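Worksheet: one structure, shown below.
Residue numbers (this note's numbering): 19 to 92.
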């Protein structure tokens with residue numbers, strides 16, 4: 019990220035089998051979708067000192083799970 023405040027946009031597609039997305043900023047969880055299916059776009063405000071955000075994806079235990087995401091940061 020080129021700045022340390024603003025909004026992060028997460029676009030995701032988990033199709034029919036639920037998966038989970040978490041965003042971590044400065045060691046603090048700023049988003050937890052829980053296990054969800056389908057697609058959506060979420061905007062999350064953030065501020066701090068770091069220019070980094072971590073994305074944790076927990077896939078469903080099903081061998082058929084599929085997911086993708088795009089993260090847009092300032």
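Glycine included, C-beta positions come from ideal geometry on N, C-alpha and C. Keep in mind the model is a prediction, meaning the values are calculated, not measured.
Per-residue DSSP class, three states only, for residue i
i: residue 23; result: strand
i: residue 80; result: coil
i: residue 62; result: strand
i: residue 51; result: coil
i: residue 71; result: coil
i: residue 32; result: coil
Whole-angstrom C-beta distance between residue j and residue i, which should lie under 8 Å
i: residue 83; j: residue 35; result: 5 Å
Spatial neighbours of residue i in its chain, beta-carbon cut-off 6 Å, leaving aside the 5 residues before and after
i: residue 24; result: 92
Length of the line joining the Cα atoms of residue i and residue j
i: residue 74; j: residue 41; result: 6 Å
i: residue 65; j: residue 27; result: 14 Å
i: residue 31; j: residue 72; result: 18 Å
i: residue 55; j: residue 79; result: 14 Å
i: residue 60; j: residue 52; result: 13 Å
i: residue 43; j: residue 68; result: 8 Å
i: residue 39; j: residue 50; result: 6 Å
i: residue 37; j: residue 85; result: 7 Å
Sequence-distant residues of the same chain with beta carbon closer than 7 Å to residue i, five excluded per side
i: residue 88; result: 29
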